[in-house]
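A.B. asks: Got a structure here, written out as structure tokens. Questions coming.
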Amino acid sequence: MTAKVKTIGHNAMMQPILIEVEAVSSKGLPGIQIVGLPSGGYRGTVRRVRSAIRATGLRLPPLFYTVNITPNVPIQASSDYDLPVTLALLSAAKLITDTELANRLFLGEISLTGDIKGADQLIYAAEWCQKSGDDLICGASINNLAHLFADLTCHTVETLDQTYRYLRGLLQLPGPSPTTSEPISTVQPVIFDQIDGQDLVKRALTVAMAGKHPILMIGSPGIGKTLLAEAAASLLPPLSQSDEIELRKQVTASQLTRTIQPPFVSPSTTVTAQSLIRNLTGDISRSRSGILFLDELLCRTTAVLDSLRRPLETNETNTLFILATNPCPCGYYGDTDQACRCSAAEQRRYGRKLSGPLIDRLAIIVNVSRTNNLIRSSAISESKEQQTTAFEKVLNARQAQLNRYKDENIYNAYASISQINLKHYSENALNLIDQASASLAHSVRARNHIIRLSRTIADVDLQPTVEAEHVAEAIQLRNTSSLPL
Ligand SMILES: [Zn+2]
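Right, dumping it as structure tokens:
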């Protein structure tokens, strides 16, 4: 029997995959052959490993070694397998025992001289070991991630010699050093109190943020839509642990810093549908637990608009979708300051780009009207009343949803109607939903938006029962009459 050395890989879906490395020796011309990894996955490993073992003063008996890596599934190529391959060889040469390798997982690239460097797959290994209880032994430090993996034992090793002596019980390794708390930056470019007026839109954004309801803002150019979206970003609650781990998988191990903020992603108007929805690295994936702000919605291609339907419907990334558009091609339809120059035909062509299925997936539709001063000069230092209140309301709703769904990643906007449970709606509230659906000829989706929105409105105000007033506000927040013609 040979020992199986555990290490970690990940698949294209960024899920960790346990990899086992074992080596057997046989008589024959001395050599090392690795089988099992897709071709190229171990380029250079044999050369580095052989040189490192020699440099460390260890000696492999002159035999033929076959290293087998299982399972034989497509995984990302990585030099992180150098260390486990080396240890499998040392085990085949009986220089290390099974017991010394058990309950441990190894990761790290080895230099020709036996130095161990980094670990690209550190976050995957930490995620795995946290669950399995294995100790992680690797070339990278876990210090920046310690707040995410409190139950994990991780030892950082610098050389093969040090690793060997530690495994043999000849050397103690220090545990993770105590984490120093870096202050999390709370500087936001803009907050609600700096924006003059716009109380309805601020309320709409607060409700949207609280329940993750997709929102469309309609208004003339320069009216403050971008500013309002940026201010909404200041309401983002801290990342949940699982979302932080998923977001961190998108940066390379060397870029892992201690703090990470919920993202605000604002794709350019030329972004393609493909780069928007691309799995894992697309703009929507990058906006996990943050905001995707898509301005100039109707200046984008039909392909981009159509590609939004699925993410708006399922929202696997827990993104808040904030969409914004001008009311017409020239931008000034309905504006109090400037006259619209568009012909009726131009307006219709423009409005038609916003398809029925896309409108159906928007929970909140609000008009942003012109105010005299966009930014209040004095407000920020004196009072942060609106901001503080809105942030508290988002947190209230977050807590209510955590209690209701017993799962940290379900929000009202994406809960089923049975999860939301109409038992907690007053009779008047249910009657108003029925009346509105009939008079506004609501689709099933539109009706469900009203049900979900009114739940969130009650949640932000800490009300266990949804009343008619909450439903009335929900209807007001889904103002389809403000849509482009
Ligand atoms: Zn116009």
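Per this note's numbering, the very first residue in the sequence shown carries number 178; after that it's consecutive.
We put the CB at the ideal spot given by N, CA and C, even for glycine.
Residue range of the alpha helix (DSSP H) that D460 falls in?
C.D. replies: It spans D460 to R463 - the alpha helix (DSSP H) in which D460 sits, taken as one unbroken run.
A.B. asks: Secondary structure at I368, three-state DSSP: helix, strand or coil?
C.D. replies: Coil, per DSSP.
A.B. asks: Considering only the beta carbon of each residue, do R486 and I300 sit closer than 8 Å?
C.D. replies: No. Outside cutoff.
A.B. asks: Just grab the DSSP bridge partners of Y242 for me.
C.D. replies: Answer by DSSP bridge pairing, in chain order: S202 and I209.
A.B. asks: Please state whether DSSP places E650 in a helix, a strand or coil.
C.D. replies: Correct three-state label for E650: helix.
A.B. asks: Between K271 and A180, what straight-line distance do the alpha-carbon atoms span, to the nearest angstrom?
C.D. replies: Cα to Cα, K271 sits roughly 10 Å from A180.
A.B. asks: Tell me which residues pass a beta-carbon proximity test against ligand 1: closer than 5 Å to any heavy atom, given in chain order.
C.D. replies: Working through the chain, the matches are C505, C507, Y510, C517 and C519.
A.B. asks: Is the beta carbon of L282 less than 8 Å from the beta carbon of A296?
C.D. replies: Contact flag unset, no.
A.B. asks: Taking 8 Å as the threshold (C-beta atoms), are A574 and T472 in contact?
C.D. replies: The sequence as given places Asp at residue 472; Thr does not occur at that position. Against a cut-off of 8 Å, the Cβ pair of A574 and D472 comes out as no contact.
A.B. asks: Just to confirm before moving on: does the CB-CB distance between P439 and L413 stay below 8 Å?
C.D. replies: Yes; because the gap between Cβ atoms is below 8 Å, this pair is in contact.
A.B. asks: Output the boundary residues of the alpha helix (DSSP H) element that contains L424.
C.D. replies: That run of the alpha helix (DSSP H) goes Q418 to R425.
A.B. asks: Three or more beta-carbon pairs under 8 Å between the region 193-202 and the region 225-236, yes or no?
C.D. replies: Touching, no.
A.B. asks: If you drop the 5 nearest sequence neighbours on each side, which residues of the same chain put their C-beta closer than 6 Å to that of L416?
C.D. replies: Around L416: P439 and S466.
A.B. asks: According to DSSP, is F568 part of a helix, a strand, or is it coil?
C.D. replies: Correct three-state label for F568: helix.
A.B. asks: Taking Cβ positions, are S484 and A450 nearer each other than 8 Å?
C.D. replies: Taking 8 Å as the Cβ cut-off, S484 and A450 qualify as a contacting pair.
A.B. asks: Can you check DSSP and say which residues form a bridge with R281?
C.D. replies: Its beta-bridge partners are D312.
A.B. asks: Go to A229, then tell me how far its alpha helix (DSSP H) extends in each direction, as first and last residue.
C.D. replies: It spans T222 to A232 - the alpha helix (DSSP H) in which A229 sits, taken as one unbroken run.
A.B. asks: Can you say whether N503 is buried or exposed, counting buried as having 16 or more other CB atoms within 10 angstroms of its CB?
C.D. replies: By the neighbour-count rule (16 or more Cβ atoms within 10 Å), N503 is buried.
A.B. asks: Can you give me the C-alpha to C-alpha distance between G310 and Y582, rounded to a whole angstrom?
C.D. replies: In a straight line, the C-alpha of G310 is about 28 Å away from that of Y582.
A.B. asks: Leaving out five residues before and five after A613 in sequence, what residues of the same chain have Cβ atoms less than 6 Å from its Cβ?
C.D. replies: Cβ neighbours of A613 beyond the five flanking positions: I652.
A.B. asks: How many Å lie between K530 and A406 at the Cα?
C.D. replies: Roughly 22 Å between the two C-alpha positions.
A.B. asks: Beta strand (DSSP E) containing N544: first to last residue?
C.D. replies: First-last of the beta strand (DSSP E) with N544: I541 to N544.
A.B. asks: What's the call for M190, buried or exposed, on a 16-neighbour Cβ count within 10 Å?
C.D. replies: So M190 ends up on the exposed side.
A.B. asks: For V364, count neighbouring Cβ atoms within 10 angstroms of its own Cβ and tell me buried if that reaches 16, exposed if not.
C.D. replies: Because V364 sits at a pLDDT of 49, beneath the cut-off of 50, its placement in the model cannot be relied upon, and the following sentence gives the value as read from the coordinates. Exposed is the call here.
A.B. asks: If you run the structure through DSSP and keep just helix, strand and coil, what is M191?
C.D. replies: Three-state result, M191: coil.
A.B. asks: Rounded to the nearest angstrom, what separates T330 and V250 at their Cα positions?
C.D. replies: Their Cα atoms are separated by approximately 28 Å.
A.B. asks: Tell me which residues share the same chain as S558 and place their Cβ nearer than 7 Å to its Cβ, disregarding the 5 neighbours each side in the sequence.
C.D. replies: Bear in mind that the predicted position of S558 carries a pLDDT of just 49, short of 50, making it too unreliable to give a figure here.
A.B. asks: Exposed or buried, T657, counting other C-beta atoms within 10 Å across all chains shown (16 or more means buried)?
C.D. replies: Exposed is the call here.
A.B. asks: Rounded to the nearest angstrom, what separates Y343 and G208 at their Cα positions?
C.D. replies: The alpha-carbon atoms of Y343 and G208 are separated by roughly 27 Å.
A.B. asks: Where I468 and T336 are concerned, what is the direct C-alpha to C-alpha distance, given to the nearest angstrom?
C.D. replies: Approximately 43 Å, taken between the alpha carbons.
A.B. asks: If you reduce the DSSP assignment to three classes, tell me which class V637 lands in.
C.D. replies: It is helical.
A.B. asks: Can you name the start and end residues of the alpha helix (DSSP H) that L471 belongs to?
C.D. replies: Taken as a continuous stretch (DSSP letters only), L471 belongs to no alpha helix (DSSP H), being part of the beta strand (DSSP E) at I468 to L471.
A.B. asks: Once the 5 residues before and after E304 are set aside, which same chain residues still bring their CB inside 7 Å of it?
C.D. replies: Around E304: P193 and I422.
A.B. asks: Around the Cβ of D376, are there at least 16 other Cβ atoms within 10 angstroms (buried) or fewer (exposed)?
C.D. replies: Exposed, by the Cβ-count rule.
A.B. asks: Using a Cβ-Cβ cut-off of 7 Å (strictly less than) and excluding sequence neighbours within five positions of A269, which residues of its own chain qualify?
C.D. replies: Closer than 7 Å at Cβ, skipping near neighbours: T179, A200, V201, S202 and Y242.
A.B. asks: How would you label E359, buried or exposed, when you count the other beta carbons within 10 angstroms and need 16 or more for buried?
C.D. replies: Residue confidence is low: E359 scores 49 on pLDDT, short of 50, so the model does not pin down where it sits. No coordinate-derived value is stated.
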